[in-house]
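For the sequence shown, position 193 (counting from the first letter as 1) is numbered 193 according to full-length UniProt numbering, and the numbering increases by one without interruption.
One structure below.
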Amino acid sequence: MDTQDELVLYQQSLQREIESKEYFLKQAKAALQLQRNSSDQILKDDIGLWNSFMEKPMFFPDRSDPLGWSLASCELRNRLKSNEQYLELEPLEPLRETLKLQERLNTGLETLEALLKSRLEGHQNAKTKRRSSISAESCNVKLWDILNLLIRNFVAVDLSSKGSDIDQVAATMLDVLKHLLQVDRKVSVEEFSGQCSGLYRILLRANCIRKSKDGRFIELADFFEEF
Numbered sequence: 001m002d003t004q005d006e007l008v009l010y011q012q013s014l015q016r017e018i019e020s021k022e023y024f025l026k027q028a029k030a031a032l033q034l035q036r037n038s039s040d041q042i043l044k045d046d047i048g049l050w051n052s053f054m055e056k057p058m059f060f061p062d063r064s065d066p067l068g069w070s071l072a073s074c075e076l077r078n079r080l081k082s083n084e085q086y087l088e089l090e091p092l093e094p095l096r097e098t099l100k101l102q103e104r105l106n107t108g109l110e111t112l113e114a115l116l117k118s119r120l121e122g123h124q125n126a127k128t129k130r131r132s133s134i135s136a137e138s139c140n141v142k143l144w145d146i147l148n149l150l151i152r153n154f155v156a157v158d159l160s161s162k163g164s165d166i167d168q169v170a171a172t173m174l175d176v177l178k179h180l181l182q183v184d185r186k187v188s189v190e191e192f193s194g195q196c197s198g199l200y201r202i203l204l205r206a207n208c209i210r211k212s213k214d215g216r217f218i219e220l221a222d223f224f225e226e227f
């Protein structure tokens, strides 16, 4: 069976479904009209009327209803077309900026991936090569740049409540992270409240932080224990 034959069968199936639905819709309207024109007492007393009503077949739609599939397919095609039109009409400059931002993120993530792979290998030779090619200080600078980009352009935007100053929220989050990573490796629980509560949930789910035994501080996870 070629594509044309399949299309003909599909169209015939759609036509049958439409005719079936039109028939059962007509029957349902007739039953409702009968109920409106007859009192409840007449329906109870006239057994023949009830039998006539009960003889009408019930409509059970096919589980693979071709009309439903067609409507869903049409909706997806329309959505794809509208997205294509939007992208064609969108000014190029914002798209260029978005592309540049994504390229910067990709570059940063590639650097992070390379550092993590090198760390996981755990061989002394790999450590020596890494130290000779890139210093710890330059690694930290790159990683902080990545972190700053992620917080300001994504995390703070997604986690800020309506009407909040996103730049202020991002600055608060970065201050807490700097304190956590560079100073004490721990901060008080209160510092993760308010604007930083969403960031706390993300880090906790990622197993990057944990609460101290007394519950007063949020501590940076000891990653050396994991490797």
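Just so you know, even glycine gets a beta-carbon here, dropped at the ideal spot from N, CA and C.
In this text the structure is predicted, and so the values were computed from the model without any measurement.
Residue pairing for E219: DSSP places it in a beta bridge opposite K186, R210. Taking the Cα positions, R205 is about 27 Å away from G163. Proximity to T107 across R152, L147, V187 peaks at L147, based on C-alpha coordinates. For N106, the enclosing alpha helix (DSSP H) stretches over residues 92-121.
In the structure shown, G163 adopts coil according to DSSP, grouped into three states. In the structure shown, D2 falls within a coil segment according to DSSP collapsed to helix, strand and coil. At least 9 Å separates the beta-carbon of G198 from that of L150. Between the alpha carbons of K26 and W69 lies a distance of about 24 Å. P91 and L99 have their C-alpha atoms some 13 Å from each other.
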